[in-house]
Structure formats: structure tokens, C-alpha cells
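Input: a single structure, listed below in C-alpha cells.
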Amino acid sequence: MKKSVLKSEGAISFMSSLISIFCGLLVGYILLWVFNPKYANYGLGCLVTAGFSSPAKLAKVLYQAAPLILTGLSVGFAFKTGLFNIGASGQYTVGAFCALICGIVFKLPWWVCLLAAMAGGAVWGFFPGFFKAMFNVNEVITSIMFNWIGMFAVNVVFANIPSALDNFYGASNADRTAGLDAANPGAIIPRAGLDRLFGSTYMNISIFLAAVIAVIIYIVIKKTVFGYELRACGSNRDASLYAGINAKRSIILSMAIAGALSGIGGAIYYLAGTGKYTLEKSLLAMGFNGIPVALLASSNPIGTIFSALFISYIQVGGDAMQPEFAVETIDIILAVIIYMSAFSLLMKSVVSKLIGGRFRRKTRGAVLDKEQEGEAQ
Amino acid sequence: MDDYVIEMLGITKVFPGIVANDGIDLRLRRGEVHALLGENGAGKSTLMSVLFGLYQPEAGIIKKNGKVVQIKNPNDATALNIGMVHQHFKLVDVFTVLDNIILGVEPVRNGFLYKKEARRKVLELSEKYGLRVDPDAKIEDISVGMQQRVEILKMLYRENEILIFDEPTAVLTPQEIKELMATMRSFTAEGKSILFITHKLAEIMEVADRCTVLRKGKHVGTVNVKETTKEELSRMMVGREVSFTVEKGRFRPGGVELDVRHLTVPSKLHKNNAVKDVSFQVRAGEIVCIAGIDGNGQTELTHALTGLDSQSQGTITLGGVDISKARIRERSRLGMSHIPEDRHKHGLVLSFTLMENLVLQRYWEPQFQNNGFINKNAVRAYSDKLIRQYDIRSGQGSDTIARSMSGGNQQKAIVAREIDKNPRLLVAIQPTRGLDVGAIEYIHKQLVAQRDAGRAVLLVSFELDEVMSLADRILVMYNGEIVGEFDPRKVTVEELGLYMAGAKRMDIRNIGKENKA
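From first to last, the protein sequence lines stand for chains A and B. Quick note on this note's numbering: the first sequence kicks off at 2 and runs consecutively. Quick note on this note's numbering: the second sequence kicks off at 50 and runs consecutively.
This is the structure in C-alpha cells:
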């Protein structure tokens, strides 16, 4: 009896997500018409099918999804403790930096680079958590500042380590880091033959790493005493205080763990050996994209895997729409689709109403309460 | 004879999953005090919200002076001269009394505020009804009693004829309640009509002419108060016999469990101390009640005792161990249980399931975990046990989300959790606030059972009835100090009221002596 009810709730969740994604695509399609009617159908086709059009494209989807899963987990994990980690971008950058320094300069193997990135991201998450816990400084402000501090600090340090830069290995560019192929192939995340299978060097084991980490985070949040404390602290700080939970410790640890997750995200993106870190004066979008990933998944770690895959998928689709559509236009359309998809919670009550009053009360509870979804899945 | 000023006929209001009002009739005569009685969730607030235009009923009509009227929003209600004093006052704290009274009906001349006329009218009303207020004082600076008078003046200023009072006495001293009753009488003498929502039967017996009782959204009956009794009313309200007297075992106090000495706690609201040099003891097998009006330092005192806040001076000893600086969990381990004042703020994590809430104070114990993982089976078994033992009712048992439970059952869950810890000392603050008669009876029984089992109970309550029926010893708190100590068998409610209002006080040094005597 209980099981069938839970199943129904899961079904409602799933259906409402699908409906919202459909609505998002519909609005995206209308926008395509507005921007370039001639190619609207072609654009929509790209958006929906490009990701599956070839193994190489699918490899790109998975390659981009891996760091998105991690930044999504990072934001979602902090949400569980009632914190808004808008600093994922900075933590991601610092993580990438630690990984690349270890790989390029110290010639360490890839897994040591990952651990270093984890530590670097954790430190960058620790500070906003520390200030929040000790002096009640809003974590949003601190982590935004740490985004900029992290990005510029990383640029300065890279610029002053000649052996880390691309021109040290004979390339002409001094504004990006050295390629791992030339500097230290051992730092590249193993591809385990997947690159040959997919016919793309984008493909490596990082998507599996990310999925495993998501499962671990799920277990930590749902099954451990530590996770219980974090959730209590996030849902009702006064009650957690009353229960004798050390809220300060929870806040600091939660932000440090969130930072570590983003840090790993930065590492697996740049340790794929396909991209180089460019010394630019803008924050990396991968950190901010973690926010919609987490929201779409209602901060559920398992859901994060799928929402990251979805966002990565339409990004690859968007890339395929060039040159018929301008990059900016594509960005707008993608943003609208993601925005509409985030209405899945709203859609849930609509769906349950359509299905009938039987589930109405339960589902309303579920909408109120994100925790419920974990239980349902 | 039957000159009805308001008639609500066949009012039905349905919310998803619940019929809040099911064909309710309410007829208000001109110049009467009409009490509306019912447990929580009986539909009183819904009915009043319908009358005030906040909800539209699915069925039923409202008549004023015999004519059908449409009340679509509160403005319509105001236009029909219906006014309401809400349980939680709707006043702007940083505005003056006068500004609050004219808010929404500001007198304007040439586009500018013109308050002279308004002030004259307010002072006139204030004098006429003996509602003393200072028009220039800010709301945040005046007493709760005066704030209520401001709310009443607001209704009078708008020349309302139908006055709704939603649990107006909860925040008042016995003397202030008397004054309020007299004011209500003077209103009805002028032909105004009053709807009086309350839980308190004694007040109905004293001031109301007729009483309508609701139960579970249904109209149980309307009775003439003169022809009924308290017992009859409570039976109509609850649907069964309710005992008002609490059966207590023989008073056999044991050793001192809680010893508080010279406790001083700073206030968060102002520069003065909220608790000033307070000393008292609670012995095993004894219920000590701290009586007083809300806001006289009780909250700060209990926060310091339970560790939610820290004191600036003084010591707290529990069972012989100094816990003045101990953390909350340490206090809990040493045998302190705490039924907090605000069950939604401190007592429960509303988004957690019932079973997660039932282990909130002991989830870390070895029996509930395996190497850092929560032992869900053990938690569920424990939770199922408490649910059975303490009769906690909910939709899905251990898996119910706490938010979806009724207030009474939420409180039962907290009481179960705190009592089942086998505490040395149970600190309970307003444990029956907002609960219906059945739940109050249950909680009182549990508190007395703790006392009879030889545990120390410290009860902070603003309800004098509760204090008188449960306490073995009463301490009165006024303005952060303990101003009197009484034996409940040797003191009257009126006498206590004088101490609670600060009109009388004992010599502090004598308080300890009385204890020994």
C-alpha cells in the first residue's frame, strides 16, 4: 500500500519534470521563430537531437555534465544546510588551479591532482562558512567576493609561474596554462578506452567519478548522523540548537564540503586534457550553472546527475545551432529553457490536481518539502 | 425580541481535504455578547474570516439587519461596520498610538495629514469608555494591555457596530480581564454587538449572553449562557466529559534537583537585564510554577536554564552538578528535558518526519546509530513505541511530516520525546498554549505523572488557571524579578494578579524563608 503511493509520487515528479521541460522547449521554439524564422525548425532539431547525433557529441555531453554534476552537488549540498553557495565558481577555479599546478609544475599523477583540487576548493568554501558561523556575515556576500578573489589570485599566480604556461612548452600563448599532453600526461584523467569507443578525446571516466560522488553525497545526507544534523540545521536552525547540534560546526563543514565538490569539478574539467585554463578577467560560468542544476533537482544528489545531463545536453545542442544562430541568441534560448524547467515544482501541483484529489494532500506536502522527494525516489 | 444584526446561515467552506465549516448558522442579536466556542480546528477562525471577507464560502448567506450582503473583502466588512481585534495585534510598532488608530482612514486636508480632529475624537472615545491610552506613545513602548485598548479604539474610531474579539484575554492580567469585561458590557449597553472567540469557559460564563459551540466544522448548538454550565459547554465542545480538576498524588518533595542562584540574564531587546538576580530551587516530586504576564523575563530565564542563551551572572546546579556553563547537550545528558515555548521554532523540525523528530534529542545515542549511520530500524521501532504509548495521532505514523500534524499532536510528540528521556528535571514553558481542552487535559496529566514519579517539574505559564491547578509552589515573576512565592492553596487569583501586575511585592529576602517554613 505504502509502496504504491510512493511510486505514484515519483511518477508525478517525473511527469511534472517532463512537462516543464516540454514547456521550456516550446517557449524556446517560439524564440527561435522570433530570431530566425527560416531556421527555426532546424534549430529546434539541433537542440533536441544534437546530443545523440553521434558518439562524439554524446561524449561532449558527458564531458560537460561531469563538472556540472559536481558544482550542482556543491550548491545543493549547501542548500540542505540552509546556505546559498553562490561561490561555486571561485571554488571551482581554485580547484582547477590546485589540480593544474600539481599536474603541470609538480608532475603529480591525476588522482593526487584531484585530491589537491578537493582541498583547495574546501579551503575556498571554508572561509564564507567560517565568517557565517562566527560573525553571521551573509555567505552570499562573502562567497561572491571569494569568487573574484579566487579568480584574480589564480591568474596572478599562474602568470608568475612561467613553467605552468603554454609558451614554456613551445606554444606561442602566454595567457593559458600548458597542455597536459606536453607537460605531464600522467595528470590526464584515465580514458579507459572510452575515447576509442566514442571516437572522442573528450570521453574519460569523469562522468562515472561524478556519479559515484553524487551517490556518496546522497548517502551522507540521507543515511548518516552527520547528514541528519546538517538537514536539521538547514531546515530549522533554532530547533537544531535546541537539540544540542553544533550549528557553527555544521555550517563551516557544509560550506567546506560544498567547496571541495566544486573544486573536484574544476579539476576533472581541466584534467581531461582537452581544455586549457585561460587567464581571463571573467568568472567561470560552470560554477554558476551549478545553481540551476541544483534547483532543477530540488537539491537531491541523485537528481543532480540527471539535471546536469539535461543541461549539458541542451548546451551541446545549442552549440550545434551555430552559425545559423548567434551565440548570444543561443544563450538566451538555453536560459529560457532552463528557467522554464525549474517550474517543475509548480507543475507538480498541476499534475497532481489533474490526476485527482487522491494525491493532492500528499503532493502538496512534497512541494512544501524538498526532503520528501528523496524519500520518494 | 429576535432583532438580529448579523445572520450567517448555512455557511460552508471547504479546503482541500477538509470541510472547515459545514452548514454553520450563527445569529448575532443586537446588543449581545455572543461567545464562539470550539477546539482548535473546529472552524471558528474560518467562520470569522468568512464574516470578515477573507474567505468566500462555497455555500450560505450572510445577512445584516435582515438584508443579504456580499462580503468579498475586508473593506466590505469595514463598510458594514464590522471590526475585529485579532489575537495577534495588527499594530505598527514604531508608530504612535494615534497614527495606528487613524491608519487606513487618515483625515486629510489639502492632501496633507490633518490629525488635530482625529486626536480630539480619539481622546473623547478614550474618556467615554475608560480606555486609557497615551496618543503620542509609540506602540513598542506601551504594555500589551494598552496595545489591546488601542485595537479596541481603532474599532470605535471607525464607528463599528459589530465587534469581533479573537481570544482577547490570553495576554492580560486578571485585573485587565475584569476591565475588558466591563468595557464589553458598556459596548453592549449602547447597542453594539460583540462576537467573542475564546477557549476559556469561565469568561463565557461571566460575560456572554449566548454561546455558539462548533465542533469539527459543525454547529453543535447555541445556548443561553444563563441556562447552562461549564461542564455542559465543555461536553458540547469536546464531545465527551472533560475533567477540570487534575488528580494529583500526595505531595512528597525529595531533594533539590535544580538550584538557581543569583541568575542575571541580559535582554536582547533593551539595555537592561531581562532577568535580575533570581534565585530559587525545584525539588524532586514537585511542580514549581512561574506565574507572570508574558514578557517579564520568563523566556530569558528558561533560555538560560536550558542553555539556549547564556547568563551574565549566577549559577545553575542540576542534581548537584554545576551546569552554569554546560552546553545544551551536556544539560540534556545530565537529565534536563525541555518542552519549549515555541514548538515550531525550537521544538520541531517541521519538514522532518515524525520519527526523525522523536529522536531529535537523542539521535546521537549508540542505540540509534551504527558507526555514524543512522539506524533507521531502531529509530522506527522507538518512534512506533512512543506513538503507541503517548497516543500521538497522525496520517502516516512514523513517516508523517511534522508540518502536517495538528498542533495538539505536535505538542504530544514533543512531550513524549522529552518525558521518555527519563529526566531529572522537566522544564515546560507554556506547554498548553493554543491547544484545545482535550489536549490540555492530556498534557496536564503527563506533567502531574512526572511529578508523582518523583521528578522535578518547572512550569512557566501565563494561564492562572493552569498555575493554580498544577502547582505545588508558585513563584511570581514581574519585570525580571521573582516578587512573590505562594502556596496555591493559600492564595487567590486576585492576589496573584496584583503581584503579576507589579502592584505588590514581597521582600526578596523573605522568599527563601517561606520556602523553609
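Even for Gly, the Cβ is constructed at its ideal location relative to N, Cα and C.
Apply the 10 Å Cβ neighbour rule to A/Val328 and answer buried if 16 or more other Cβ atoms are within range, or exposed otherwise. exposed
Check B/Val143 in the structure and name its three-state DSSP category. coil
Residues of its chain near A/Leu45, where Cβ-Cβ distance is below 7 Å and the 5 sequence neighbours each way are ignored: Tyr30 and Leu33
Pick helix, strand or coil for B/Pro480, following the three-state DSSP scheme. coil
Let me see if you follow: with CB-CB separation under 8 Å, is B/Tyr412 close to chain A or not? yes
Got a sec, what are the start and stop residues for the beta strand (DSSP E) B/His268 sits in? Lys267 to Asn273
Less than 8 Å between the CB atoms is what I'm expecting for A/Glu325 and A/Asn137, so what's the real figure, rounded? About 51 Å; that fails the 8 Å criterion.
Across which residues does DSSP place B/Met526 in a beta bridge pair? B/Ile531
Are the C-beta atoms of A/Val49 and some chain B residue less than 8 Å apart? no
For a contact meaning CB atoms closer than 8 Å, what does B/Ser381 contact in chain A? Gly245
Contact test: B/Glu166 Cβ vs the ligand GDP heavy atom, cutoff 7 Å: Only the bare structure without any ligand can be found here, which leaves the ligand GDP out of the picture.
Euclidean distance between Cα positions of A/Ile334 and A/Ala175: 34 Å
Distance check for B/Phe422 and B/Pro415, CA to CA, integer angstroms please. 10 Å
Just the chain B side, please: which residues come within less than 9 Å of A/Asn237 by C-beta, in chain order? His393, Lys394, His395, Leu397, Val398, Leu399, Ser400 and Phe401
Closest by CA to B/Met286, which one among B/Ala219, B/Leu152 and B/Glu88? B/Glu88
Whether A/Leu284 touches A/Ala100 by CB criterion (8 Å): no
Nearest-angstrom Cβ-Cβ length linking A/Gly130 and A/Thr94, presumed shorter than 8 Å: A/Gly130 to A/Thr94, Cβ: 18 Å. No contact.
By the 7 Å beta-carbon criterion, what residues does the segment 335-365 of chain B contribute toward chain A? Leu357
Are three or more beta carbon pairs between the segment 187-204 of chain A and the segment 56-63 of chain A nearer than 8 Å? yes
Can you list, in chain order, the residues of its chain whose CB lies under 8 Å from that of B/Leu172, leaving out five sequence neighbours each side? Pro184
Would you say B/Leu409 reaches chain A, if we count a Cβ-Cβ gap shorter than 8 Å as a contact? yes
For B/Pro315, name the three-state secondary structure that DSSP assigns. strand
DSSP three-state label for B/Arg168, please. helix
Measuring CA to CA, which of B/Glu239, B/Ala238 and B/Pro217 is closest to B/Glu252? B/Pro217
With 9 Å as the C-beta to C-beta threshold (strictly closer), list the residues of the segment 208-233 of chain A near chain B in chain order. Ile220, Lys223, Lys224, Thr225, Val226, Phe227, Gly228, Tyr229, Glu230, Arg232 and Ala233
State the CB to CB distance for the pair B/Glu56 and B/Arg76, rounded to an integer number of angstroms; the pair is presumed to be in contact (CB under 8 Å). 5 Å
Determine the DSSP secondary structure at B/Gly551, reduced to helix, strand or coil. coil
How would you label B/Asp142, buried or exposed, when you count the other beta carbons within 10 angstroms and need 16 or more for buried? exposed
Is it true that the segment 447-459 of chain B meets the segment 383-390 of chain B, where meeting means three or more beta-carbon pairs spaced less than 8 Å apart? no
Among B/Pro302, B/Thr402 and B/Met233, which one has its Cα closest to the Cα of B/Gly80? B/Met233
May I ask you to report which of helix, strand or coil DSSP gives A/Val158? helix
Determine, using beta carbons only, whether B/Ile377 comes closer than 8 Å to chain A. yes
Is the Cβ of A/Leu242 closer than 8 Å to any Cβ of chain B? yes
Does B/Leu475 come within less than 8 Å of chain A when only Cβ atoms are used? no
Keeping to the same chain, check which residues put their C-beta closer than 8 Å to that of B/Val516; ignore five residues upstream and five downstream. Cys338, Ala340, Leu508, Ser510, Ile523, Pro537 and Leu545
Kindly list, in the order they appear in chain A, the residues whose Cβ is closer than 7 Å to that of B/Ile423. Lys224, Thr225, Val226 and Tyr229
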